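Chemist: Pasting a structure here, questions to come.
There are 2 protein chains.
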Amino acid sequence: MSDLPKRVEISEEGPREGFQFEKGPIATERKIALIDALSGSGLKQIQIVSFVNPKNVPGMADADHVVEGITPQPGVAYTALWLNEKGFERALTHGNRLALAGTIQLCASEKFLKRNQNRTAAEQLAGQHAIVEKYKANGVAVERGSIMAAFGCNFEGDIPVERVVILVGQILDVAREHGVSLKYVTLADTMAWATPLSIKRVVGALRERWTDLDIALHLHDTRGMAVANAYAGLEMGVTRFDSSVAGLGGCPFAGHTGAAGNVCSEDLVFLCHEMGIETGIDLDALIECARLAEDVVGHPLPGSVMKGGTLAKYRA
Amino acid sequence: MSDLPKRVEISEEGPREGFQFEKGPIATERKIALIDALSGSGLKQIQIVSFVNPKNVPGMADADHVVEGITPQPGVAYTALWLNEKGFERALTHGNRLALAGTIQLCASEKFLKRNQNRTAAEQLAGQHAIVEKYKANGVAVERGSIMAAFGCNFEGDIPVERVVILVGQILDVAREHGVSLKYVTLADTMAWATPLSIKRVVGALRERWTDLDIALHLHDTRGMAVANAYAGLEMGVTRFDSSVAGLGGCPFAGHTGAAGNVCSEDLVFLCHEMGIETGIDLDALIECARLAEDVVGHPLPGSVMKGGTLAKYRA
Numbered sequence: 677m678s679d680l681p682k683r684v685e686i687s688e689e690g691p692r693e694g695f696q697f698e699k700g701p702i703a704t705e706r707k708i709a710l711i712d713a714l715s716g717s718g719l720k721q722i723q724i725v726s727f728v729n730p731k732n733v734p735g736m737a738d739a740d741h742v743v744e745g746i747t748p749q750p751g752v753a754y755t756a757l758w759l760n761e762k763g764f765e766r767a768l769t770h771g772n773r774l775a776l777a778g779t780i781q782l783c784a785s786e787k788f789l790k791r792n793q794n795r796t797a798a799e800q801l802a803g804q805h806a807i808v809e810k811y812k813a814n815g816v817a818v819e820r821g822s823i824m825a826a827f828g829c830n831f832e833g834d835i836p837v838e839r840v841v842i843l844v845g846q847i848l849d850v851a852r853e854h855g856v857s858l859k860y861v862t863l864a865d866t867m868a869w870a871t872p873l874s875i876k877r878v879v880g881a882l883r884e885r886w887t888d889l890d891i892a893l894h895l896h897d898t899r900g901m902a903v904a905n906a907y908a909g910l911e912m913g914v915t916r917f918d919s920s921v922a923g924l925g926g927c928p929f930a931g932h933t934g935a936a937g938n939v940c941s942e943d944l945v946f947l948c949h950e951m952g953i954e955t956g957i958d959l960d961a962l963i964e965c966a967r968l969a970e971d972v973v974g975h976p977l978p979g980s981v982m983k984g985g986t987l988a989k990y991r992a
Numbered sequence: 677m678s679d680l681p682k683r684v685e686i687s688e689e690g691p692r693e694g695f696q697f698e699k700g701p702i703a704t705e706r707k708i709a710l711i712d713a714l715s716g717s718g719l720k721q722i723q724i725v726s727f728v729n730p731k732n733v734p735g736m737a738d739a740d741h742v743v744e745g746i747t748p749q750p751g752v753a754y755t756a757l758w759l760n761e762k763g764f765e766r767a768l769t770h771g772n773r774l775a776l777a778g779t780i781q782l783c784a785s786e787k788f789l790k791r792n793q794n795r796t797a798a799e800q801l802a803g804q805h806a807i808v809e810k811y812k813a814n815g816v817a818v819e820r821g822s823i824m825a826a827f828g829c830n831f832e833g834d835i836p837v838e839r840v841v842i843l844v845g846q847i848l849d850v851a852r853e854h855g856v857s858l859k860y861v862t863l864a865d866t867m868a869w870a871t872p873l874s875i876k877r878v879v880g881a882l883r884e885r886w887t888d889l890d891i892a893l894h895l896h897d898t899r900g901m902a903v904a905n906a907y908a909g910l911e912m913g914v915t916r917f918d919s920s921v922a923g924l925g926g927c928p929f930a931g932h933t934g935a936a937g938n939v940c941s942e943d944l945v946f947l948c949h950e951m952g953i954e955t956g957i958d959l960d961a962l963i964e965c966a967r968l969a970e971d972v973v974g975h976p977l978p979g980s981v982m983k984g985g986t987l988a989k990y991r992a
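Chain order of the listed sequences is A and B.
Start counting the first sequence at 677; every next residue gets the next number (my numbering).
Start counting the second sequence at 677; every next residue gets the next number (my numbering).
Below, the structure is given as structure tokens:
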């Protein structure tokens with residue numbers, strides 16, 4: 677027994693993170709095979725594609741075929757990412773297969789925002805009002821808030837805790853104004869600046885202000901801190917995590933760019949199970965998926981537990 | 677500011693861990709080059725060789741030449757490992773270069789003990805009395821206690837917290853009986869069974885019994901938990917850690933055997949510095965050592981920060 681949560685929800689982002697990052701090309705049927713394998717591991721949510729411009733992200737050129745090709749399993753929500761109206765409209769055409777949900781998203785770094793979207797913070801906020809109306813008009817539930825670069829930014833540096841508190845307040849205001857009810861707000865460590873200490877400070881400041889706010893963490897492992905950051909989240913009562921099978925999403929062998937992937941799914945599940953936290957996931961099945969992921973991308977991936985093994989056989 | 681320790685002591689074990697593990701061969705002068713580079717990083721203690729049977733550990737056949745070949749730096753303690761009397765006698769011949777210190781060591785797993793040393797727990801304890809006398813007779817200070825497999829064992833399974841408490845009591849009794857004063861007791865997660873939760877439970881139980889006991893952690897990263905485990909130790913006030921530059925000591929690309937190495941030194945230093953904990957180590961210099969280590973062993977090593985980079989350039 678411990679004071680850690682009894683159960684967490686893990687949202688698998690490996691297919692989307694990995695196939696948009698890998699130099700590839702990876703055959704569409706191999707992407708589908710990995711997603712179908714993940715569907716049998718007990719995961720309840722899997723982000724499988726992003727609808728983005730194939731000129732910018734060639735690995736997502738076959739996104740429509742991937743969505744059409746998978747064998748959906750009952751009880752598994754298949755999600756997609758989009759970055760603009762055009763992407764959203766493509767997602768809408770798959771409304772029968774995808775679990776479409778809208779996000780109110782703000783970026784904590786004004787410099788990153790300016791650079792990537794050529795927008796000011798005020799323009800970004802105004803844009804969220806428009807997008808929520810668009811979701812509502814299309815019957816898409818708005819369930820999630822999200823803060824990009826919540827812990828730091830390569831273009832702006834450290835992000836003050838107070839700024840994150842203000843942005844979460846803005847997200848909740850937008851939701852209230854449009855009569856939508858968010859299930860949770862995700863804090864994304866987009867550029868891997870977080871430490872366990874900053875996780876605790878930011879989550880603590882948000883809990884201080886909004887006692888019942890459900891917080892999710894999206895943790896990149898570029899500097900090897902992701903499992904420790906997840907643990908710090910668990911200690912703060914966080915029960916929702918994004919993760920990436922085998923650590924897909926970055927290649928640790930590509931020089932200084934590092935492993936850009938999310939916290940490795942099976943390493944996170946191992947951490948949870950060993951501390952008595954339920955995930956609903958079959959760890960052995962997930963490890964098989966991680967090995968399949970290495971085979972699909974054709975090079976080693978950073979996950980540890982798939983190499984080191986679980987402890988089950990020693991306890992048997 | 678935080679309630680974490682203000683400063684920690686890091687003992688580098690990469691050369692010893694790595695050169696005994698790597699399939700090699702690695703030229704003696706390359707080993708020396710890595711040790712000399714580490715000497716310039718601000719590390720105050722570096723374990724450079726083990727004196728063991730070269731038939732069992734070919735990578736340590738040149739241990740005497742390595743010790744003789746390095747350029748010792750003032751303020752750096754160069755240490756060695758030995759497993760029996762013969763090894764200790766070899767170490768004694770380098771008393772002018774090595775910082776020799778004796779350890780009272782017990783193994784928490786009786787099955788591992790039986791298998792590796794063909795001894796019972798009682799025989800092991802009796803043996804420690806003899807070895808302390810031998811150290812004293814040779815003028816070697818006995819400064820450290822150590823518990824192997826303190827968190828779990830591949831041959832025995834989980835280790836009860838109470839057993840670790842009993843073993844630490846036995847170590848302290850041996851020390852007292854022979855009039856030696858230990859600086860600290862190391863808990864070794866020899867086979868990578870620890871989680872942040874078990875770190876907190878074991879350290880907490882020891883602190884409950886011996887309020888002022890100085891505890892060190894020796895954490896293997898086979899299952900990707902080492903940084904999180906170190907963080908849990910820091911939260912419990914642990915200020916001494918063993919670590920291994922670049923994660924030397926295991927190859928993550930060798931199938932299921934996993935990364936057997938210690939927690940990666942530069943990842944641990946990054947964790948500490950980012951949380952405001954001093955190490956006295958120049959992180960950039962240590963990262964250069966990690967890159968040199970990859971060059972010396974001739975394959976990628978598991979460290980993350982050497983690939984992902986530090987945050988200093990973004991803050992500048």
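From the three backbone atoms N, C-alpha and C, an ideal C-beta is built for every residue, glycine too.
All values derive from a computational prediction rather than experimental measurement.
CA-CA distance, A:L774 and A:G751?
Modeler: Distance between the alpha carbons of A:L774 and A:G751: 12 Å.
Chemist: Thinking C-alpha only, which one of A:T898, A:R883 and A:G845 is nearest A:T866?
Modeler: The shortest C-alpha separation from A:T866 is found at A:T898.
Chemist: Leaving aside the five residues before and after A:S920 along the sequence, list all residues of the same chain whose C-beta is less than 8 Å from its C-beta, in chain order.
Modeler: The answer, listed in chain order, is E688, E689, G690, E693, G694, G937, N938, V939, C940 and S941.
Chemist: Quick one: using the 10 Å Cβ neighbour count with 16 as the cut-off for buried, is A:P978 buried or exposed?
Modeler: A:P978 is buried by the Cβ-count criterion.
Chemist: Taking the continuous beta strand (DSSP E) assigned at A:L757, which residues delimit it?
Modeler: Start and end: A753 to W758.
Chemist: For my contact list, A:V818 and A:A851 are in at a C-beta cut-off of 8 Å; report their separation, rounded to the angstrom.
Modeler: Contact flag correct, Cβ pair sits at about 7 Å.
Chemist: Below 8 Å between beta carbons: does that hold for B:A902 and B:L863?
Modeler: Cβ atoms of B:A902 and B:L863: not closer than 8 Å.
Chemist: Assign B:F929 to one of three DSSP states: helix, strand, or coil.
Modeler: Because B:F929 sits at a pLDDT of 42, beneath the cut-off of 50, its placement in the model cannot be relied upon, and the point is left open.
Chemist: For B:R683, decide whether its Cβ has a neighbour in chain A, counting only Cβ atoms nearer than 8 Å.
Modeler: Chain A, which has no Cβ nearer than 8 Å to the Cβ of B:R683, makes this no.
Chemist: Please check the pair B:G771 and B:G735, which I expect to be a contact at CB under 8 Å, by giving their CB distance rounded to whole angstroms.
Modeler: Contact doesn't hold; Cβ gap of about 23 Å is too wide.
Chemist: So, under 8 Å CB-CB, B:T755 and B:Q723 are touching, yes? Tell me the CB distance rounded to an integer number of Å.
Modeler: With 8 Å as the limit, B:T755 and B:Q723 qualify as a contact, their Cβ atoms being about 5 Å apart.
Chemist: With distances taken between CB atoms, is the gap from B:N905 to B:T871 smaller than 8 Å?
Modeler: Yes, they are a contact pair.
Chemist: Pull up the distance between the alpha-carbon of B:S980 and that of A:G900, whole angstroms please.
Modeler: Between B:S980 and A:G900, the C-alpha separation is close to 5 Å.
Chemist: Looking only at its chain, what residues have a beta carbon closer than 6 Å to the beta carbon of A:G828, apart from the 5 residues adjacent to it on each side?
Modeler: Cβ neighbours of A:G828 beyond the five flanking positions: D834, I835 and W869.
Chemist: Assign A:K983 to buried or exposed, taking buried as 16 or more other Cβ atoms, counted over all protein chains shown, within 10 Å of its Cβ.
Modeler: It is buried - the Cβ of A:K983 has at least 16 other Cβ atoms within 10 Å.
Chemist: Just to make sure I have the definition right: I need the residues of chain E whose C-beta is within less than 7 Å of the C-beta of B:T871. Which are they?
Modeler: Structure shown: chain E not included; protein chains present are A and B.
Chemist: Please list the residues of the stretch 683-711 of chain A that have a C-beta atom closer than 8 Å to any C-beta atom in chain B, keeping them in chain order.
Modeler: The stretch 683-711 of chain A vs chain B, Cβ under 8 Å: nothing.
Chemist: Taking C-beta to C-beta, are A:N792 and B:Y990 nearer than 8 Å?
Modeler: Their beta carbons are not under 8 Å apart, which means A:N792 does not touch B:Y990 by this criterion.
Chemist: Quick one: what's got a C-beta closer than 6 Å to A:I875's C-beta in the same chain, skipping five residues either side?
Modeler: For A:I875, where only same-chain residues beyond five positions count, the Cβ hits under 6 Å are N905, A908 and G909.
Chemist: Let me check one thing: in DSSP terms, what residues is B:Y860 bridge-paired to?
Modeler: Beta-bridge pairing links B:Y860 to B:R820.
Chemist: In whole angstroms, give me the CA-to-CA distance for B:L789 and B:Q781.
Modeler: Going by the C-alpha atoms only, they are around 12 Å apart.
Chemist: Give me the subset of the stretch 765-794 of chain A whose CB atoms are less than 9 Å from a CB atom of chain B, sorted by chain position.
Modeler: Flagged: no residues at all.
Chemist: Is there a Cβ of chain B sitting closer than 8 Å to that of A:P928, yes or no?
Modeler: Low local confidence applies: a pLDDT of 36 at A:P928 is under 50, so the model's placement there is unreliable, with the coordinate-based value given in what follows. It does: the Cβ of A:P928 has a partner Cβ on chain B nearer than 8 Å.
Chemist: I'd like the span of the alpha helix (DSSP H) that includes A:S715, first residue to last.
Modeler: Start and end: T704 to S715.
Chemist: With a threshold of 6 Å on Cβ separation, who are the neighbours of A:L848 within its own chain once the five nearest residues in sequence on each side are excluded?
Modeler: Taken in chain order, the list of residues that qualify is empty.
Chemist: Could you give the distance in angstroms between the alpha-carbon of A:K859 and the alpha-carbon of A:N760?
Modeler: Roughly 22 Å separates the two Cα atoms.
Chemist: Classify A:T779: buried if its beta carbon has 16 or more other beta carbons within 10 angstroms, exposed otherwise.
Modeler: A:T779 comes out buried.
Chemist: I'd like to check one pair, B:V856 with B:I891: are the Cβ atoms closer than 8 Å?
Modeler: Their beta carbons are not under 8 Å apart, which means B:I891 does not touch B:V856 by this criterion.
Chemist: So, are the CB atoms of B:D918 and B:H894 less than 8 Å apart?
Modeler: For B:D918 and B:H894, yes; Cβs fall inside 8 Å.
Chemist: Check whether the Cβ atoms of B:G718 and B:Q749 sit closer than 8 Å, and answer yes or no.
Modeler: Cβ atoms of B:G718 and B:Q749: not closer than 8 Å.
Chemist: Name the chain B residues whose beta carbon is nearer than 7 Å to that of A:M901?
Modeler: Ordered by position in chain B, the residues that pass the 7 Å Cβ test against A:M901 are V903 and L947.
Chemist: Please tell me whether A:I957 and A:I711 are closer than 8 Å, where the distance is taken between their beta carbons.
Modeler: No, they are not a contact pair.
Chemist: Note down, in chain order, each residue of its chain lying with its Cβ closer than 6 Å to the Cβ of B:Y811, except the 5 sequence neighbours on either side.
Modeler: Here the set comprises G778 and V818.
Chemist: Could you tell me the alpha carbon to alpha carbon distance between B:A998 and A:L882, rounded to whole angstroms?
Modeler: This structure cannot speak to residue 998 of chain B, because chain B is shown only from 677 to 992.
Chemist: Count the other CB atoms within 10 Å of the CB of A:D943; is the residue buried (16 or more) or exposed (fewer)?
Modeler: Buried, because 16 or more other Cβ atoms sit within 10 Å of the Cβ of A:D943.
Chemist: Please classify B:H896: is it buried, with 16 or more other beta-carbons within 10 angstroms of its beta-carbon, or exposed?
Modeler: By the 10 Å Cβ count, B:H896 comes out buried.
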